[in-house]
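*Asks:* Just so you know, the protein sequences line up as chains A, B, C and D, in that order. Take the first sequence: its letter number 114 is residue 133 in this note's numbering, and every next letter is one higher. Take the second sequence: its letter number 194 is residue 213 in this note's numbering, and every next letter is one higher. Take the third sequence: its letter number 177 is residue 196 in this note's numbering, and every next letter is one higher. Take the fourth sequence: its letter number 470 is residue 489 in this note's numbering, and every next letter is one higher. The beta-carbon is built from N, C-alpha and C at its ideal position, and this holds for glycine as well. Predicted model, so just to flag it, every value in this text is computed and none were measured.
Number of protein chains: 4
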Amino acid sequence: MEKIINIQDEQTISFRNQVDFCVGTGRMDLALQEEYLKQLALVQAEIGFRYIRGHGLFSEGMAIYHEYVNEQGETVPEYNFTYLDRVMDAYLKLNIRPFLELGFMPKQLASGSQTVFYWQGNVTPPKDYRNWQKLVTATLQHLIQRYGQEVFTWPIEVWNEPNLAGFWQEADMAEYFKLFSVTFKAVKEVDPRFQVGGPAICGVDDERWLREFLQYCQQQGIALDAVTRHFYTVSAPETCGHYSYMALRAPEESLQELTTSRKIIDSFPAFRGLPMHITEFNTSYRPDTPLHDTVKNAAYIAQLLAVLGQTSASYSYWTFGDVFEEQGVPFTPFHGGFGLVANGNIPKPTFWTFAFFKRLQGKAIYQDETCVLVKTDTGYRGVAWNYSPTERTKCFSIPESSQEYSFVAEIVDEKSGNPLKVWHDLGQPRSLTPGQQKLLQLAAQPRVESQRLQSAMLTIALPPYGVCYFELKAIATQPDRGFDAEKIGLV
Amino acid sequence: MEKIINIQDEQTISFRNQVDFCVGTGRMDLALQEEYLKQLALVQAEIGFRYIRGHGLFSEGMAIYHEYVNEQGETVPEYNFTYLDRVMDAYLKLNIRPFLELGFMPKQLASGSQTVFYWQGNVTPPKDYRNWQKLVTATLQHLIQRYGQEVFTWPIEVWNEPNLAGFWQEADMAEYFKLFSVTFKAVKEVDPRFQVGGPAICGVDDERWLREFLQYCQQQGIALDAVTRHFYTVSAPETCGHYSYMALRAPEESLQELTTSRKIIDSFPAFRGLPMHITEFNTSYRPDTPLHDTVKNAAYIAQLLAVLGQTSASYSYWTFGDVFEEQGVPFTPFHGGFGLVANGNIPKPTFWTFAFFKRLQGKAIYQDETCVLVKTDTGYRGVAWNYSPTERTKCFSIPESSQEYSFVAEIVDEKSGNPLKVWHDLGQPRSLTPGQQKLLQLAAQPRVESQRLQSAMLTIALPPYGVCYFELKAIATQPDRGFDAEKIGLV
Amino acid sequence: MEKIINIQDEQTISFRNQVDFCVGTGRMDLALQEEYLKQLALVQAEIGFRYIRGHGLFSEGMAIYHEYVNEQGETVPEYNFTYLDRVMDAYLKLNIRPFLELGFMPKQLASGSQTVFYWQGNVTPPKDYRNWQKLVTATLQHLIQRYGQEVFTWPIEVWNEPNLAGFWQEADMAEYFKLFSVTFKAVKEVDPRFQVGGPAICGVDDERWLREFLQYCQQQGIALDAVTRHFYTVSAPETCGHYSYMALRAPEESLQELTTSRKIIDSFPAFRGLPMHITEFNTSYRPDTPLHDTVKNAAYIAQLLAVLGQTSASYSYWTFGDVFEEQGVPFTPFHGGFGLVANGNIPKPTFWTFAFFKRLQGKAIYQDETCVLVKTDTGYRGVAWNYSPTERTKCFSIPESSQEYSFVAEIVDEKSGNPLKVWHDLGQPRSLTPGQQKLLQLAAQPRVESQRLQSAMLTIALPPYGVCYFELKAIATQPDRGFDAEKIGLV
Amino acid sequence: MEKIINIQDEQTISFRNQVDFCVGTGRMDLALQEEYLKQLALVQAEIGFRYIRGHGLFSEGMAIYHEYVNEQGETVPEYNFTYLDRVMDAYLKLNIRPFLELGFMPKQLASGSQTVFYWQGNVTPPKDYRNWQKLVTATLQHLIQRYGQEVFTWPIEVWNEPNLAGFWQEADMAEYFKLFSVTFKAVKEVDPRFQVGGPAICGVDDERWLREFLQYCQQQGIALDAVTRHFYTVSAPETCGHYSYMALRAPEESLQELTTSRKIIDSFPAFRGLPMHITEFNTSYRPDTPLHDTVKNAAYIAQLLAVLGQTSASYSYWTFGDVFEEQGVPFTPFHGGFGLVANGNIPKPTFWTFAFFKRLQGKAIYQDETCVLVKTDTGYRGVAWNYSPTERTKCFSIPESSQEYSFVAEIVDEKSGNPLKVWHDLGQPRSLTPGQQKLLQLAAQPRVESQRLQSAMLTIALPPYGVCYFELKAIATQPDRGFDAEKIGLV
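Following this line, the structure appears as structure tokens:
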């Protein structure tokens, strides 16, 4: 039998909810696309993130940096902000702002030809650091001129995962520190209010990188504003055709990485308590992982959202949508992409994990390994989840203040809010007909359950890999004159 | 144990599907309202009716008929088509056309002061039949001028339920016949292509009215284009506060009315086989009947939609939405209105009965008391229902042509697609917050179920008062290279 | 020759711009209509008013007040806020709030049967002042419950033009004072933060009414928050068929009324400096005045907008749009209605007078009888007008700070922004085809004129009855590399 | 003095209006972008083309063709139609269909590395013609499966401008003929209903190419469905910075090219009368030509639209919009792009030339070098233009049938519908503020002129480089009762 959890309104717990601080995106110029913007609009309507972070600001697709030979025969840079404006306008219209990742290297400014991804982002140092510095300066100044003072509040990060040779030529640490130093100064000269962070590393050789980076900053007197890093929770993948399969690590095991980072930061007196932003996280770090599209992923991520705030100032899910081209263009609507939303604008189960956590505003009063509860002006809100293959039950006893309560819940599990299953049962169509798309969008919605409670005892059944959002409120209103719920079989 | 129904593709049955021919509406000038148009847009998107019929074309709200004294001191009529144009434009934009009910009487043209409804439609004969005839003529000519040749295809009906004293002063049969005769001639003089019907009676003293009406037409040489009548299936209501409660009659008992009407028509050699349009039908004839909002209503209406085509050329559900004022303005979003859609643009269970039947295009191959099946190019579609308080099961054996089948279903029952229950559990709020409205719209959606079938045997479980739409198709596509449904727990 | 006006940046003048404080509307339930909301959306997009005021909150169309006999045989009131919520939701969605006019009398609460307007607003005192007070209380409490604290900022006015016997039975002053007193107390008991004003009089016997009203308030210790009155500027109309024609009074003559009111208010020590809100103003007080639709009206109103702030806290143009039924439903799209927008969503010339004044944000630095100028961060903005049948010219000399200036203007006159003329030339069609509507919307736009100025001398030609908005800014940007304006004939 | 043109209703002339048959576009994957779709939506709303043709169907951006090594160690192709579906869906939603240009070469299928354009389309022959043929087949079969029978009506063209070495390696004629032959057969094997054309040449060495191509087809027994070619009308450009400047050739001189092509085709008995589609035309063939954005361009194009139908089955303006990357991403909103619409969704003058010609439906009854007139059911429609620097006048005498006529015109010239001038006067801003964008969209509209004519004599003043659309109709309606145009100064 389940133990009964006694809820007391005056409790407060240290649950820090930064679920909506930031979300990841495919390379920046994909934001020119209509399907991308539709998916982002859906995400913003249901979740509403403050910032969005991705690669490619300075890559060819954004077409910002150019060189030409002037009348004096000198090669000089010129800047094209046509696409940058278009992307920023689109973001602001959807009430989201960029978390600016400064990178990769414009082809004309690059010292080498190494690229990353299907879309060929150049990952070599600048051939001329002064022109890099000018590019950073010109870009920020342009943004300030167009968007005003608010630009100072847009967080800035320097490059992406320089600890991987794939992302930064030879994973050359000294060169990265140089890049960081030059960039940090350039930004602060534009305006010292900008918040600049690094080293944007992933979990490979991360302890050494973080220590050396902080040491470097300390030595150079760089007044770092934030540490940034990434966080993925799977073991090594096995690849088959277009897809990768792998095991999930236990959350407590994965989270160790973050605790360690936190400790390293706090071990530097100059940086103790400095915000640590997880500028990417997800289960798998590959965009071809069918796991991403499952309810299992949704329940696992719920576990993380409940605790990531303990170590980190924010945690940015990689990514909001499936318009994404790092490994090429996906062949099918469901293809294991990172997105909260599948192509065809179909929310995946994990979408709801985020939407549900977003609603946990108010005073947090209870938390355990499978739920979080907050108290609002009018009652209680909670999210509960079940990362296991068997149904579980949670029982709450709430303080009595009314004769009758309204309980409503939205639930995602294998049967509801699980469009991957329906897509599979439809025969895995590659090109969705309008009817199939509509059906999948319908199948992607959580199911609603509701009841009136006559007592202060609440029991919630959690199906396997289920994620459940619920609200509990005292009922005040009288029925309309003559309305009789019994006569029509409602009670 | 359930018997197994053997489906054979070459069967054809006489199921006539006119579910989308026409739908009812509150008085015409309510079509000026935004909420009305939103509900109609939803109905058209999911169901898509061809015609819409309601009262009030000539009533004060449409402001068409006016009299003034000219310079010669004569009282002469003038016509104002400002609102008529606005309503017709709105209808056409939503791809629906009027089934024109000519009535009620403009106040300035009325011979008496008797009115019907909260909105006071005048129900007395014209004080001057020539001006009535001119009004009909001017209105049709205006419509033709504005909308062109298609106007001739808009069906026309003369007045509403003259067999009730409430709708036609003293239920004066001779006076109605005069009105019909004058109107019929006026319309046919504008253009003989118009199809004109009557007597638009309800089920009170209906046999006598129908016989006498047809006799009158026969004697007068009126080449009637259609007979019109109404059809409601409840016993006398008991009223309490703002609401009415009553029992549903067994369908076979109710349907007797229509069979009788059909026989009466066919007994007149001149009118044998004449189309009979049911220009209103529903369970209850009162807009304050909570039953309308229930899944019980949805399952009962499914029974009717399966068989109404046997006697009738069409059957127009009364009404598409809950913007309606016959008994005054509703106090709450759910209030037992006639509509397929509740205020707040929330589809009711019966909405889905219509949406599901609409999809039954193709060759009908099987029908019994609880289901209809059609064959399409790519498989089978069906609707099954269960108007009973206990779960039932249906088993179909289909011709084998494939190794694997895709089965998808959409289901409305007490737990899904039942916003009335959730609204009740929320405490029956009178004013919906945006959050409540969104939740109810979500709760109003059918649930989706799907599976892959390895055999040609299909079993459908029908929950109490459930209505289920399903599709069955052979699966052709191969999975994308490397996609393994088993590895991610889908099979 | 025109004199040259020397503009100096450091000047400041007392121009008070309240052009966007409030606007008038037809009766409140017209806000349920789609065409009404389209017109309001257009008005809000281009002008953006804060408040909207009209009649009919408590009239039958809003269906708020009802009485029924309870089980004890007592007649008791009940309230229906269905339409009120729908209207308020629509207003807030368009970012406008109600300036609440409390009136007219619900039929069931009325002591008599006298009505005003085609739509029959009851204008008799309540049969029971306690039930009136309860109605006011219940309505405000409901609004607070639904919309929260912001409701306290919605201004309140008691009744409309009680100094006319048509709007208040017998123009009974004592009875109005009673109504005011009871209502004022009821509102303040709900919450003292509400701002309540009266007596909402028009310019008939207005001096006596205002004096006696203030005296009454003073004697009764009513801490009035604002005085409200109306303002129309035409002589008596001559009527012909559906239309009225009349002469415009000279502005200085009309404005005398306001100066007098201001003096009367300030003569009461308790009320000195009290805000005076003009809760209705326009040229003609009839909705069948073709003058309303002309450029002459636009230029005349410009004269008023420049000076009304001198005496008044606000001035609410009567009305924003032509969905309006006080004299019945209009027969044609242009019909001399009060609206800034004609039916078919076509802005009239006066619409632009408001749009242009709305843009005069910034520090006002110059004003004369035909223009107002403000200084902004980046240059100058102005509105100039010419209420005369001959072209005039204005010359400004501006402080030099740049080598080149950009001048852009938007102009409305007989040739541009004058859809009435085009509608007339089209043959005055009663029902607009989609093509005609589009053409009229195009013809309703101001024309744009622009030039580069090489000197600090600006000359503006004002055509007859023209209204002109202009901006002047220094040019900073360099042309794109290689762009040569001369080669393509731009200079 | 102008001569008077006597219009006679019974005249008919041979004006063939194919203005809306087809329009050009930047490379196909740009259709994924939101700005592209906005511009196309504007174009479709005002002009409404049937087909759209551009490059890049098989280039990297569409990501259709891939090769992988299977388990047997063979390199085999696979196809990805994700983006193709997305683009086609977007086209069909905007009611436009592709004119399929089969090209360029997928990188993995190419025999060489030569590319064209900033976006690097590979222009070498296939390394394996069988795989090219499979690609064509697979693509068409996929389209048929998704979009059904209508796909057979989509015209097909093989490659682009093979007579230029930049577009086809070495401008190798024999290799192109091989490509054409293989492709033609592949298409016809999918379905013989497809209409296939070539050689898609521009005006360089065009006579020889056309003759040899037709000879080849004749010899090989290729039953060609259409000849396709391009048409530009400028002399060689001079380039400066980002821009090109050049002179316009006289139309009669340019048009000679087409007459010659026509003659060559007709000289082949097998191909006499074969449709010739101009699958690209414009003044300049460079996307950096400021001329494109001027009224001069609009008037010049009017000259062409009046006569192109004489030789050609269709003529596709290159291009509909300015989302285009052949020479890189434009730095400024106006930059001399090909588009009818500038970035920021601002129609250019030439946009209106197309919109005006589109309205010339009906029986053409008169044409000269500066105008075309058609007769409609209700009157006359015409387009007149003035490609000259001085104002000109046209006088028409029309058959008398009424006492009064309505004349309305829409005019584009240096003062109206000329956003380039306003953008220049604004200081040529690179990033438009929302206010500037709105102002430019307003300035981009034609001005409306209207009058009532009492006689059958019509005089139209054509300003320098003006294009004018006009309608003339008899006035039938009476004014509304009491409306007096004189009293309000309209006459």
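Please report whether the beta-carbon of C/R46 lies at a distance below 8 Å from any beta-carbon of chain B.
*Replies:* Answer no: the Cβ-Cβ gap between C/R46 and chain B never drops below 8 Å.
*Asks:* Using a beta-carbon distance below 8 Å, is A/E53 in contact with chain D?
*Replies:* Answer yes: the Cβ-Cβ gap between A/E53 and chain D drops below 8 Å somewhere.
*Asks:* Which residue or residues does DSSP assign as beta-bridge partners of D/A480?
*Replies:* D/T412, per the DSSP bridge assignment.
*Asks:* Does any CB atom of chain B fall closer than 8 Å to the CB of A/Y262?
*Replies:* So, interface residue.
*Asks:* Answer yes or no: does any C-beta atom of chain C fall closer than 8 Å to that of B/F350?
*Replies:* Closer than 8 Å to some Cβ of chain C, the Cβ of B/F350 qualifies, so yes.
*Asks:* Of all the CB atoms in chain B, is at least one closer than 8 Å to the CB of A/R268?
*Replies:* Not closer than 8 Å to any Cβ of chain B, the Cβ of A/R268 fails to qualify, so no.
*Asks:* Report buried or exposed for D/V427, applying the criterion of at least 16 other Cβ atoms within 10 angstroms of its Cβ.
*Replies:* Buried is the call here.
*Asks:* Report the option in D/S303, D/I23, D/G140, D/L274 whose CA atom is closest to the CA atom of D/E344.
*Replies:* Closest option to D/E344, Cα to Cα, is D/G140.
*Asks:* By the criterion of Cβ-Cβ separation under 9 Å, what are the contact partners of C/R449 in chain D?
*Replies:* Simply T496, D499.
*Asks:* Strictly by DSSP, which residues pair up with D/Y98?
*Replies:* D/Y98 pairs with D/Y84.
*Asks:* Are the Cβ atoms of D/I66 and D/F373 separated by less than 8 Å?
*Replies:* Yes, the pair counts as a contact, with Cβ atoms nearer than the cut-off.
*Asks:* Taking D/A325 as the reference, give the member of D/E433, D/Q37, D/Y137 with the closest Cα.
*Replies:* Looking at the Cα atoms, D/Q37 is the closest of the given residues.
*Asks:* Going by other Cβ atoms of all chains shown within 10 Å of its Cβ, with 16 needed for buried, is A/G240 buried or exposed?
*Replies:* So A/G240 ends up on the exposed side.
*Asks:* Consider the Cβ of B/I507: report whether some Cβ of chain A lies at a distance smaller than 8 Å.
*Replies:* Yes, contact with chain A.
*Asks:* Output, in sequence order along the chain, the residues in the stretch 329 to 356 of chain C whose CB is closer than 8 Å to any CB in chain D.
*Replies:* The stretch 329 to 356 of chain C vs chain D, Cβ under 8 Å: F350, T351, H354.
*Asks:* Take the Cβ of B/D432 as the centre, count every other Cβ of all protein chains shown within 10 Å, and call the residue buried at 16 or more, exposed below.
*Replies:* Buried.
*Asks:* Can you check which of these residues, C/A383, C/G485, C/G454, is closest to C/E410 by C-alpha distance?
*Replies:* Checked all of C/A383, C/G485, C/G454; the closest Cα to C/E410 is C/G485.
*Asks:* Pick from C/T143, C/C390, C/Y84: whose alpha carbon is nearest that of C/T158?
*Replies:* Checking every option, the nearest Cα to that of C/T158 belongs to C/Y84.
*Asks:* For D/V177 and A/L76, I'd like the C-alpha separation in whole angstroms.
*Replies:* The straight-line gap from Cα to Cα measures roughly 37 Å.
*Asks:* Taking only the alpha-carbon atoms, compute the straight-line gap between A/D104 and C/P306 and give it to the nearest angstrom.
*Replies:* Cα-Cα distance, rounded: 47 Å.
*Asks:* Can you give the Cα-Cα distance for D/I417 and A/L61, rounded to whole angstroms?
*Replies:* C-alpha separation (whole angstroms): 58 Å.
*Asks:* Name the chain A residues whose beta carbon is nearer than 8 Å to that of B/V441?
*Replies:* Those within 8 Å of B/V441 in chain A are V427, V467, S469.
*Asks:* What three-state label does DSSP hand D/P145 in the structure shown?
*Replies:* It is a strand residue.
*Asks:* With 8 Å set as the bound, which would you pick, yes or no: does the beta-carbon of C/D432 sit closer than that to a beta-carbon of chain D?
*Replies:* So no, C/D432 is outside the interface.
*Asks:* For D/Q63, which residues from the same chain have a beta carbon less than 8 Å from its beta carbon, with the 5 sequence-adjacent residues on both sides left out?
*Replies:* Cβ neighbours of D/Q63 beyond the five flanking positions: L113, N114, I115.
*Asks:* Closer than 7 Å by beta-carbon distance: list the chain B residues that pair up with A/F373, in chain order.
*Replies:* What A/F373 touches in chain B: nothing, since even the nearest Cβ is about 17 Å away.
*Asks:* Within its chain, find whatever has a CB closer than 6 Å to the CB of B/I24; leave out the 5 residues flanking it on each side and keep chain order.
*Replies:* Same-chain partners within the cutoff: F415.
*Asks:* Within 8 Å (strictly less), CB to CB, does C/L481 reach chain D?
*Replies:* With 8 Å as the cut-off, C/L481 does not count as an interface residue toward chain D.
*Asks:* Whole angstroms are fine: how far does the CA of C/V402 sit from the CA of C/L491?
*Replies:* C/L491 and C/V402: Cα-Cα distance of roughly 12 Å.
*Asks:* Output needed for D/F287: all residues of its chain with C-beta closer than 7 Å, excluding positions within five of it in sequence on either side, in chain order.
*Replies:* Same-chain partners within the cutoff: L233, Q237.
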